[in-house]
Amino acid sequence: MSSIPPFLRCPNCGSEDSMKNGTTRRGKQNYKCCDCGRQFVDNPQQKPREKDSIVMIDRLLLAKIPLFSIARVLKLSESWLQGYVNRCCKVVPRHMQVMPKPRGSLAVQREELWSFVDGRGNKQWVWLALDVETREIVGCHIGERSAESALALWQSMPGVYRQCAMLYTDYCNAYQAVLPCQRHRAVGKATGLTSYIERFNNTLRQRVSRLVRKTLSFSKELANHLVAIWHFIHHYNEQIRLQLSNC
C-alpha cells in the first residue's frame, strides 16, 4: 500500500495531516484534510487563475477583441472564458451610476445606435443620453426603435435631468411624444448640438467588437449583448469621474 506523498499540504488550511479518500472521476488519487475536511488532489491540472491573468482578461473584455481571440492569445479554454464572462454578466448593474448633480442648468444630448442580435432581422437599438458638461452617459436603454423605448430612456435618467435638463435630439418622432416640449430641441447634425453623443456612438462601435459594422463578432444572445454594452458604459463613466477628480 503506497503512502501519502511527503509534504502534501492542504490548499485550504496548509495542514500536512491528510488521508486518502478514493479517486476522482479521472482516476487520480483524492485526499481529504483531517483538520478542515477539504478534499484535494496532488498537482491538480485545473489550477485557479492568477490575479494578474484575471486583470488582463478584464482589460481585454473592454477592448475591440472577440472572445475567441482572447482565448487564443491567452491560451484559455473558450468554454472557461465564456463561463467567466457569464459570471461577470450577473453582477453588472443595469442602471445608471453617475455623479450627483445639483438642480440648475443642465444639457443632455440623446441619440439612437443601430445594432442586432443573432441576425440583422433582430434589430436592437441602443438609446443613449449624454451630459454635455461632464460627458457622462446618464441614460441608456436597449430595445426597438419606438416611443416606448424613448420613454424607457427618459425613465433611465436620474431625476435631476428629467426635472431640469435641456434635451437635444435628432428628428426621430419617438422623442416628440415623450419629452417635455418646453425643454426639447430637435436639431440637425450641422448645428453641432448632438456632436458629443455622436462621437460617443463612434467610440462605442470602436471599443465593443459586437457593435462593429460588418463583423463576425456579433452577439448571439440578447443577454450578452445587453451586458457588454452596460459593462462598457460603466467603465466609460468611471474613467470620466476619475479624470474629473484629478482636475
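Heads up: the sequence shown is residues -8 to 238, going by the working numbering. Yeah, the Cβ is synthetic: ideal placement off N, Cα and C, and Gly gets one too. Treat the numbers as computed from the prediction; the structure is a model and nothing was measured.
What are the residues that DSSP puts in a beta bridge with residue i?
i, result
"Ser210", "Val108"
"Tyr75", "BP columns for Tyr75 are empty, so no partner."
"Met102", "It should be pointed out that residue 102 corresponds to Glu in this sequence rather than to Met. According to DSSP, which records beta bridges pairwise, Glu102 is partnered with Leu119."
"Met47", "Met47 pairs with nothing; no bridge assigned."
"Cys24", "Ser9"
"Gln197", "DSSP output for Gln197 lists no bridge partner at all."
"Lys114", "Phe107"
"Thr14", "Gln20"
"Gly130", "Ala120"
"Met157", "Ala98"
"Phe31", "Tyr22"
"His175", "Leu158"
Would you say residue i and residue j are within 7 Å of each other, going by their C-beta atoms?
i, j, result
"Pro57", "Ser208", "yes"
"Thr160", "Ala177", "yes"
"Cys4", "Leu97", "no"
"Trp118", "Leu144", "yes"
"Glu102", "Ile231", "no"
"Asn21", "Asn34", "no"
"Asp26", "Asp8", "yes"
"Leu121", "Gln100", "yes"
I'd like the list of long-range same chain contacts for residue i, defined as Cβ closer than 7 Å, with 5 residues on each side in sequence excluded.
i, result
"Pro149", "Met87, Val89 and Val129"
"Gly28", "none"
"Asn228", "Gln88, Val89, Glu127 and Ile128"
Which residue from the options puts its Cα closest to that of residue i?
i, options, result
"Leu65", "Met157, Asp43 and Trp105", "Asp43"
"Thr14", "Ile45, Gln30 and Ser6", "Gln30"
"His226", "Ser186, Ile61 and Leu53", "Leu53"
"Arg111", "Ala181, Leu213, Gln146 and Leu233", "Leu213"
"Tyr166", "Ala138, Pro35 and Asp109", "Ala138"
"His216", "Arg85, Val169 and Pro2", "Arg85"
"Asp109", "Arg201, Pro2 and Ser6", "Arg201"
"Pro171", "Arg16, Gln146 and Val76", "Gln146"
"Arg153", "Gly95, Glu229, Phe59 and Leu(-1)", "Gly95"
"Cys80", "His222, Ser6 and Glu229", "His222"
"Ile45", "Tyr75, Arg16 and Ser60", "Tyr75"
"Lys180", "Met10, Cys163 and Val169", "Cys163"
"Gly183", "Asn77, Val123, Leu51 and Val82", "Val123"
"Arg169", "Pro2, Ala141, Arg190 and Arg196", "What sits at residue 169 in the sequence shown is Val, not Arg. Ranking Pro2, Ala141, Arg190 and Arg196 by Cα distance to Val169 puts Ala141 first."
State the CB to CB distance for the pair residue i and residue j, rounded to an integer number of angstroms; the pair is presumed to be in contact (CB under 8 Å).
i, j, result
"Lys19", "Val32", "5 Å"
"Ile224", "Cys131", "6 Å"
"Ala219", "Val199", "6 Å"
"Leu104", "Asn237", "About 29 Å; that fails the 8 Å criterion."
"Thr125", "Leu235", "7 Å"
"Gln197", "Lys55", "6 Å"
Go through its chain and collect everything with a Cβ distance to residue i's Cβ below 6 Å, but skip five positions before and after it.
i, result
"Lys92", "Val151"
"His175", "Leu158"
"Ala62", "Glu69 and Leu72"
"Asn302", "Lying outside -8 to 238, the shown extent of the chain, residue 302 is not represented and no answer is given."
"Ile133", "Gln115, Val117 and Leu217"
Using a Cβ-Cβ distance under 7 Å, would residue i count as near chain D?
i, result
"Tyr227", "The question asks about chain D, but that chain is absent: this structure has only one protein chain."
With a threshold of 6 Å (Cβ to nearest heavy atom), would residue i be considered close to the ligand HEM?
i, result
"Ser208", "As far as ligands go, the structure on display features none, and thus does not contain the ligand HEM."
In its own chain, which residues sit with a C-beta less than 8 Å from the C-beta of residue i, not counting the 5 before and 5 after it?
i, result
"Met(-8)", "Reliability of the predicted coordinates at Met(-8) is poor, the pLDDT of 43 falling under 50, and the value obtained from them is presented with this limitation in mind. Around Met(-8): no qualifying Cβ."
"Phe59", "Glu69"
"Arg0", "Ser6 and Glu7"
"Val83", "Val218, Trp221, His222 and His225"
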